[in-house]
Structures are given as structure tokens and as C-alpha cells.
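This report concerns only the one structure given below.
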Amino acid sequence: MRIEFGEVLDGRQKIADFIVSKKANSDFKVIDIGGSAIGWSLQLSDAFVDINKVDTNKTQFNIDICKEESWKDLLHFVELNGKFDFSICTHTLEDIYNPYLVLEYLPKISKAGVISMPSIKCEVNLIENSN
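With my numbering, letter number 87 in the sequence shown gets 87, and the count goes up by one each step, no holes.
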């Protein structure tokens, strides 16, 4: 496990660079968990898991990741096709009511991955309104 601190865009770029390097010489499969809202990983990921539909023709699992029974179709897909090589789960766990379930299922669907969350320091220092 490695823990890093930094700006969101820097972190995304490191993840993107890593994935691009892995995909260059292999069939490296990537799944994004909960990332459809911003969609920064659209070109990098082979599959998406989100309660919202992603505007792509890639593999999608439109499920509620907070409910155990929702993972059934994804687990069946992994059983038939093998685990993904890498999971991306960025700025998702802090927004859901059952992050522990996602943490339980990530190793069941992928061999490795990244989880990123905002730091409390950065979150409380955001100035959204100057009035």
C-alpha cells in the first residue's frame, strides 16, 4: 500500500500515465468504480460500475454499489472473464453510505487498483462563496 498526498489533477495524471504504460504492451483491463460523474477515466477504462449510465459503448454495470445483491452480475462477469487487472475508485467512497462493502468487493473483481479520497484539510479549506 502506498499513500500519497497532492492535488486531484496530479493524482489523476499519475494514474493515467500508469495505465497507459501498462496497456501499451499487454491486454491490461481496467474497471472504474463510481466514476461516471466526472468521466476523467473514460478513455482508460474498459468497464464502468456506477448507478448512472455512462455515455460509452464499453462494458457497464449500472448498480448500487452500496447493496450487496447488486454486485451479483459483476461477480458473474468476473467469474466468466477473469479479474480486471486494475480498479479505479476515485472520490467515490466518501460519497456513499456503505463504503465498506465496496472495499470488500474490490479485491474480488480486480488484482490491483487505486482508491483516492479528498483529505479533510483540503475539503474544509475550500472557499465556495466569498460573501
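Glycine is no exception: its CB is placed at the ideal position from the N, C-alpha and C atoms.
Residues of its chain near residue i, where Cβ-Cβ distance is below 7 Å and the 5 sequence neighbours each way are ignored
{"i": "S36", "result": "F48, D50, N52 and V54"}
{"i": "T59", "result": "D46 and A47"}
{"i": "P118", "result": "H91 and E94"}
For residue j and residue i, the rounded distance between their alpha carbons
{"i": "L93", "j": "N25", "result": "31 Å"}
{"i": "D85", "j": "I19", "result": "10 Å"}
{"i": "G34", "j": "T90", "result": "8 Å"}
{"i": "L106", "j": "N57", "result": "23 Å"}
{"i": "I63", "j": "K23", "result": "27 Å"}
{"i": "I109", "j": "V78", "result": "6 Å"}
Exposed unless 16 or more other CB atoms sit within 10 angstroms - verdict on residue i
{"i": "K111", "result": "exposed"}
{"i": "F32", "result": "The sequence as given places Asp at residue 32; Phe does not occur at that position. The residue in question, D32, is buried, as its Cβ has 16 or more Cβ neighbours within 10 Å."}
{"i": "G113", "result": "buried"}
{"i": "L74", "result": "buried"}
{"i": "L44", "result": "buried"}
Beta-carbon contacts of residue i that lie in its chain and below 8 Å, excluding the five residues immediately before and after
{"i": "F28", "result": "I19, K22, D85 and F86"}
{"i": "I96", "result": "G34, I65, C66 and V102"}
Pick from the options that is closest to residue i, judged by C-alpha positions
{"i": "E30", "options": "E104, N81, W71 and K72", "result": "The residue you asked about is not Glu; residue 30 is Val in the sequence shown. Looking at the Cα atoms, N81 is the closest of the given residues."}
Per DSSP, cross-strand counterpart(s) of residue i
{"i": "G35", "result": "Paired residues: none, contrary to the question."}
{"i": "G113", "result": "S87"}
{"i": "A16", "result": "In DSSP, A16 forms no bridge with anything."}
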